[in-house]
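If you're matching positions, the sequence shown starts at 10 in this note's numbering and goes up one per residue. Beta carbons: idealized from backbone N, C-alpha and C, even for Gly. Working notes for the structure below.
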Amino acid sequence: MAGNKTSERAQRIRSDKAVAHRLKRKRFESLRQTASMHEEGPTLSACIDCGWGRLIFAQTFDDAGELVSALREEAPEHRDIAVYVADPHVLLAEAPQEIFLDPSHTYRLDLSTYRSGRRQPRGFSVRRLTSEADARAVNRIYAARNMVPVRPDFFWSNRDNRAITYLVAEDEATGEVIGTVTGIDHVRAFADPEQGSSLWCLAVDPQARHAGIGETLVRRLGEHFKARGAAFMDLSVLHDNAQAIALYEKLGFRRIPAFCVKRKNSINERLFARPLEAYDALNPYARLIVDEARRRGVHVEITDAEGGFFRLSNGGRSVHCRESLSELTSGVAMSICDDKAVTRRVVERAGLTVPEQMTAGDDDAALAAFLEKHARVVVKPARGEQGRAVAVGLSTLSEIKSAIAAAREVCDRVLIEACFEGEDLRLVVIDFKLVAAAIRRPPHVVGDGRSSVRQLIETLSRRRAAATGGESRIPIDAETERCLQLSGLTLEDVLEEGRDVVVRKAANLHTGGSIHDVTAIVHPRLVEAAVKAARAIDIPVVGIDFMVRSPTDPDYVFIEANERPGLANHEPQPTAGRFLDLLFPLSGHRAARNALGKM
């Protein structure tokens, strides 16, 4: 009796699947017949390669089994997305251990009623991707936004692909690519009878200073598809990305009942796996390392999320870390880095070039003599981090005294150094090898002819905070007011359109500065000096700060060493990967290569 019931149930399931298959095929054939503009009709089992993965159009597949088979063909280090999945519960039932329902909403813009925005972009323009340099810049932005990178030659080889449109935003002053978006024309991709289009990979450089870059890219792509005759433009956005959702709804997008399904892979892990307890409380610097550890199968225990503490364990070894500071860094090395005067003496004995320095005291004559000798000086607390109370480019005795008073709020002992004109260069050295080099630039605002300097600073500060997980903000304090006075401005002045003003001299990320990767072009002499400093301090992970005329020039002056450098600031360089290599040499890819005898 039990066997008969089982047989009847199996027949019923097969019958239900057959009915569902016939209904889907009937619907698709109906769409095919309405696609009079394309004699061949819609493409069956349509996929389009976007470089980071494939878009798999679920409505063109016969059944769930075929769709799962397509998802199983995902290439290594890629992220395929099955879009427009009508019955996700049925699809998930086919392979519940392999695929998951993406926690994203689908939004649609009706292009028949869409009206272009009146606001014109200021300080940047939008154009098509036109060169391999553009492709490399887009990849840089993808890396900064933790998106899957694309081979630059893929962008270039697909520049004439009529189904894919790549747009970039370009800074008119510097020529840098500061934003990007990708569009897919569904009609040209698979002869879509519904005449749709979609938006993917909207990304803005977190260092960009201009407002409205993302909005302008979305509008231009919508206008492009409307001109082509598309009926709508869809996009997928994570359900908790409130900032992006607010922008899309402002532009007229509305949610539709469409779903995406992805494979369970390491790239997607945070979307389907149970998160670590207290993971969300970690700052971006700790989170980057934790994510890399989990990708490698290294066990993670978060011991104090707010402080950025976690323990990593693998193969019988356990290492306690605070962000990039681990138990491998000795207390002596930490003490050397903690006191800037001691750091200076240690690296000077190792042969590095250091600026002349004095300790602030009550002797105004000595202070005046130091200022007269160097014309411009830097004031900073002997102990401190994240650029607090650092004043750069002081040229009067009264400015110096005010800066000393502010620095003493951080540390009783205050240092005064000769000011070296140039750019602030951070070199990250791990295991006594250079991993990343970046120029750090101070925050500056660009006038629009309407907003006060205060409003411009507050707007830029909000953007910097959003781009860095709250780590970068521009303080409005005495140092900010001093820098504005050097330009003849106050916080309440309205800055004329196009005028560019530096609002703080220090180029620290935590006080609103921006960081720009120069690893590929940094001069070998600078690398040699940074490694020499790391060896002199005997520290396995360190950020060495120089002032340089140019990253391609060998001249430098040592500024300080940071025992806990922010590795998240240096994407796309593999800082977290090299950190894990140091802690667990046989984890991740190294373990695989070792097993294959390829070490």
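Taking 3 residues as the minimum length, the beta strand (DSSP E) runs contained wholly in the segment 295-381 are 308-313, 318-323, 326-331, 366-368, in order along the chain. Using a Cβ distance threshold of 9 Å, Gly126 and Leu321 do not count as a contacting pair.
When the beta-carbon positions are compared, Arg385 and Glu430 come within less than 9 Å of each other. Under the DSSP definition of a beta bridge, Asn571 partners with Gly552. Bounds of the alpha helix (DSSP H) holding Ile254 are 251-259.
Within the same chain, Ser470, Arg473, Ala474, His519, Thr520, Gly521 come within 8 Å of Arg482 by CB-CB distance, once the 5 residues on both sides are set aside. The beta carbon of Asp194 lies closer than 6 Å to those of Ala172, Ser206 in the same chain, with the five residues before and after it left out.
A distance below 6 Å between beta-carbons, with the five flanking residues on each side excluded, links Val550 to the following residues of its chain, in chain order: Ser333, Ile439. For the segment 406-448, the continuous alpha helix (DSSP H) assignments of 4+ residues that do not extend past its boundaries occur at 406-416, in sequence order.
Given a length threshold of 3 residues, each whole run of the beta strand (DSSP E) inside the segment 195-283 is given here in chain order: 205-213, 241-247, 263-265, 270-272. For Asp180, the enclosing beta strand (DSSP E) stretches over residues 173-180. Relative to Glu488, the option among Cys420, Ala67, Ser411, Ala79 whose CA is nearest is Ser411. Ile530 counts as exposed, since fewer than 16 other C-beta atoms from the protein chains shown sit within 10 angstroms of its C-beta. Asp547 and Thr368 have their C-alpha atoms spaced approximately 26 Å apart. Judged by DSSP in its simplified three-state form, His383 adopts helix. Annotation note: the segment 111-169 contains the following uninterrupted beta strand (DSSP E) runs of length 3 or greater, listed N- to C-terminal: 113-119, 133-137. Cβ contact annotation for Glu569 (same chain, cutoff 7 Å, sequence separation greater than five): Lys349, Thr352, Asp554, in chain order. For Pro560, the secondary structure class from DSSP, reduced to helix, strand or coil, is coil. Non-local C-beta neighbours of His329 in its own chain, meaning closer than 6 Å and more than five positions away in sequence, comprise Arg320, Glu336, ordered along the chain. Looking only at Arg392, Glu394, Leu380, the smallest Cα-Cα distance to Thr405 is reached by Leu380. In the three-state reduction of the DSSP assignment, Cys492 falls in the helix class, which pools H, G and I. Of all C-beta pairs linking the segment 103-112 to the segment 143-160, fewer than three are shorter than 8 Å, placing the two stretches out of contact. Non-local beta-carbon contacts of Leu291 in its own chain, meaning distances under 6 Å to residues more than five positions away in sequence, involve Ala314 in chain order.
In the pairwise beta carbon analysis, the segment 82-92 is classified as touching the segment 262-276: at least three pairs are separated by under 8 Å. Sorting Ala391, Ser245, Gly238, Ser596 by C-alpha distance to the C-alpha of Arg117 places Ser245 at the top.
DSSP places Gly74 within a helical segment (H, G or I) once states are collapsed to three. For the pair Val503 and Val462, the CB atoms are nearer than the 9 Å cut-off. Two segments are said to touch when three or more pairs of C-beta atoms, one from each, lie closer than 8 Å; by this definition the segment 218-237 touches the segment 161-178. When only Cα atoms are considered, Lys442 and Gly340 end up about 21 Å apart.
If you ignore the 5 residues before and after Ser121, its C-beta comes within less than 7 Å of the C-beta of Ala240, all in its own chain and listed in chain order. Counting of Cβ neighbours within 10 angstroms places Arg218 among the buried residues, the total reaching 16 or more. Non-local beta-carbon contacts of Pro158 in its own chain, meaning distances under 8 Å to residues more than five positions away in sequence, involve Trp61, Asn148, Tyr151, Ala152, Pro581 in chain order.
Here Ile413 is near Val388, since their CB atoms are less than 9 Å apart. Shown here, Ser470 sits in a helix according to DSSP, grouped into three states. In the three-state reduction of the DSSP assignment, His453 falls in the strand class.
Using a Cβ distance threshold of 9 Å, Asp562 and His525 do not count as a contacting pair.
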